[in-house]
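Taking it in order: structure first as structure tokens, then the write-up.
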Amino acid sequence: RMAAAPPSYCFVAFPPCSKEGLVVFGKNSARPRDEVQEVVYFAAAAHDPGSKVECTYIEIEQVPKTHAVVLSRPSWLWGAEMGANEHGVCVANEAVVTREPASESEALLGMDLVRLGLERGATAKEALDVIVALLEEHGQGGNYYEDGSSCHTFQSAFLIVDRNEAWILETSGKYWAAEKITEGVKCICNQLSLTTKIDAEHPELRNYVRSQGWWNGDSDFNFSEVFSLADDHLACCSGRESLEKQGGDVSAQAMIDVLRDKDSGVCVDSESFLTTASIVSVLPQDPSFPCVHYFTGTPDPSRSIFKPFIFVDDVKLVPKVQSPSFGNDDPAKKIPRFQEKPDRRHELYKAHEWARSLLENDQDKGQKLMRIMLDLEKQGLEAMDDILTRTEVLDPAEVVDLFYDCVDTELKFFK
């Protein structure tokens, strides 16, 4: 039983640590080794009054308008591990363990809250307000894994970022605290990190922990100390130092390098867990420039390539990174859940499995393929740098097929 929370890492870098005028966001999603993640886009939409939205386990009220979102998600669930919306908001979540056991009864998953925050919030602070309001109303709970034999439950932490600021939001049940960040480098991983600098919190938070006898009200209120299991609140971020060493030059490439680093533990490849997908986003502080979001859509960033996506109207959908849909026959939707595991691999995932066996069995061929792939990635990064530094306004027609073409080219190399 995987009682430990999967060791995912999320990062954000602001000036003066990041390249001039850019906010850089990144996450490695550590999940059960064989789980497939897909990259999906949902256009902005208007919804009829009174309509409902079916999340992973429960149905909730829909809002009149949802923003366009691009998500990297375990393909059996509704929500997402990480993603972005058309307004330059990025959200990633972390499973955390606190002194309060997480609820097994089905409610919203932390991953559902990632998607709901993105669909409903046009700024980082709005996304935060959405998430905590939904937490208050519906609670969090239910199985984090596609596993019929045992229920794995966690509390949630979130990194919520836009062009101007970031919020670290940490929760236990419906209680929460948040810290606002506007400069430097920040990392969150699968344990609580908020201490005494709290910029927003649940109105009843302090009364609640006092009533539980976890805080006497005399000492400074330290969120991690109050909510962590005895020895859990340690500094967790090995990747942060490597970003800080960049000294004012954190770019998309620097973030990608950190996410690929196995020695630091940021790129997870263990018996139980694997980095099953990764994201890097570059958010220019000047709103006249577009945000660029890079997704792998495949496991292990050290063997994957980061492909750029930019929000424009009528952006071309990419079925080759989408898992097959099983509709109402999906074992994740039937009660009892997860009685069988369907094959959720998408075309890019399958091509990657082939490439992985090549890397393992024929090192020369494998390394040659990897060099070609990294060269392709470099071309993408350079093309995006060009878009982010030129003076004329981006023509949407130029990037409407961007992500589609990158996935297509990657697949052609594998063939």
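Numbered by this note's numbering, the letters in the sequence shown go through residues -2 to 412 in order. All residues carry an ideal CB built from backbone N, CA and C; glycine is no exception. Since this is a predicted model, take the numbers as computed values, not measurements.
Outcome for residue i when other beta-carbon atoms lying within 10 angstroms are tallied against a minimum of 16
i      : result
Asp359 : exposed
Gln188 : buried
Ala1   : exposed
Gly324 : exposed
Asp56  : Residue 56 is actually Glu in this sequence, not Asp. Flag for Glu56 reads exposed.
Gln250 : buried
Val263 : buried
His230 : With a pLDDT of 49 at His230, under the threshold of 50, the predicted position of this residue should be treated as unreliable, and no value is reported.
Arg368 : exposed
Ile253 : buried
Arg257 : buried
Leu371 : exposed
Pro46  : exposed
Pro386 : The sequence shown places Thr at residue 386, not Pro. That one is exposed.
Glu143 : buried
Glu134 : exposed
Asp215 : exposed
Trp322 : For the sequence presented, residue 322 should be read as Ser rather than Trp. So Ser322 ends up on the exposed side.
Gly245 : exposed
Candidates the options: closest to residue i by CA position
i      : options                           : result
Val93  : Asp402, Val67, Glu56 and Leu166   : Leu166
Leu355 : Glu379, Lys331 and Arg300         : Arg300
Asp260 : Ala352, Glu379, Thr53 and Ser239  : Ser239
Ala41  : Tyr54, Thr53, Lys62 and Glu395    : Lys62
Leu202 : Gly181, Gly170 and Ile178         : Gly170
Ile384 : Asp215, Phe306 and Tyr346         : Phe306
Met108 : Val390, Leu156, Ile302 and Ser320 : Leu156
Cys14  : Trp351, Thr179 and Pro4           : Thr179
Gln209 : Glu198, Arg96 and Ala348          : Arg96
Glu78  : Val127, Asn219, His44 and Ser153  : Ser153
Asp402 : Ser221, Pro296, Phe303 and Leu226 : Phe303
Cys184 : Gly363, Gly47 and Lys24           : Lys24
Val397 : Phe308, Asp283 and Ile369         : Phe308
Leu110 : Thr120, Ala119 and Ala89          : Ala89
Ser26  : Asp45, His44, Ser48 and Pro71     : Pro71
Ala365 : Ala352, Gln243 and Arg257         : With the sequence shown as reference, residue 365 is identified as Lys, and Ala is not the correct amino acid for it. Closest by alpha carbon: Ala352.
Thr295 : Glu241, Glu350, Lys338 and Asp258 : Glu350
Trp173 : Val390, Leu125 and Gly145         : Leu125
Glu241 : Ser5, Pro3, Pro4 and Val9         : Val9
Glu222 : Thr193, His199 and Gly236         : Thr193
Glu337 : Trp73, Phe11, Arg28 and Phe39     : Trp73
Phe411 : Ala394, Gly363 and Gln376         : Gly363
Pro333 : Arg30, Ser146 and Gly244          : Ser146
Thr168 : Arg160, Asp311, Gly136 and Ser48  : Gly136
Pro4   : Val279, Ser278 and Asp266         : Asp266
Asp196 : Asn219, Glu91, Trp212 and Leu105  : Asn219
Leu68  : Val206, Asp297 and Tyr291         : Tyr291
Three-state class that DSSP yields for residue i in the structure shown
i       : result
Cys186  : strand
Ile276  : strand
Ser102  : coil
Lys122  : helix
Arg(-2) : Note that Arg(-2) has pLDDT 40, beneath the 50 cutoff, so the model's placement of it is unreliable and no number is given.
His290  : strand
Pro393  : helix
Thr150  : coil
Phe39   : strand
Arg70   : strand
Phe11   : coil
Leu19   : strand
Tyr6    : strand
Gly138  : coil
Leu156  : strand
Lys317  : helix
Thr406  : helix
Val88   : strand
Ser26   : strand
Gly262  : coil
Val60   : coil
Glu51   : strand
Pro298  : helix
Ala81   : strand
Phe306  : strand
* **4 or more residues per run - each alpha helix (DSSP H) lying fully within the segment 332 to 368** => 344 to 358
* **contact_flag[the segment 76 to 85, the segment 98 to 116] where n(CB pairs < 8 Å) is 3 or more** => yes
* Can you give, in chain order, each stretch of the alpha helix (DSSP H) that sits fully within the segment 162 to 231 and has at least 4 residues? -> 202 to 208 and 220 to 224
* When the Cβ atoms of the segment 356 to 376 are set against those of the segment 260 to 277, are three or more pairs found closer than 8 Å? -> no
* the segment 30 to 46 in contact with the segment 327 to 346 per 3-pair CB rule at 8 Å -> yes
* Asked: Taking contact to mean at least 3 C-beta pairs separated by less than 8 Å, is the segment 15 to 24 in contact with the segment 49 to 62?
  -> no
* Specify whether the segment 45 to 56 and the segment 309 to 320 touch according to this definition: at least 3 beta carbon pairs, one from each stretch, less than 8 Å apart. => no
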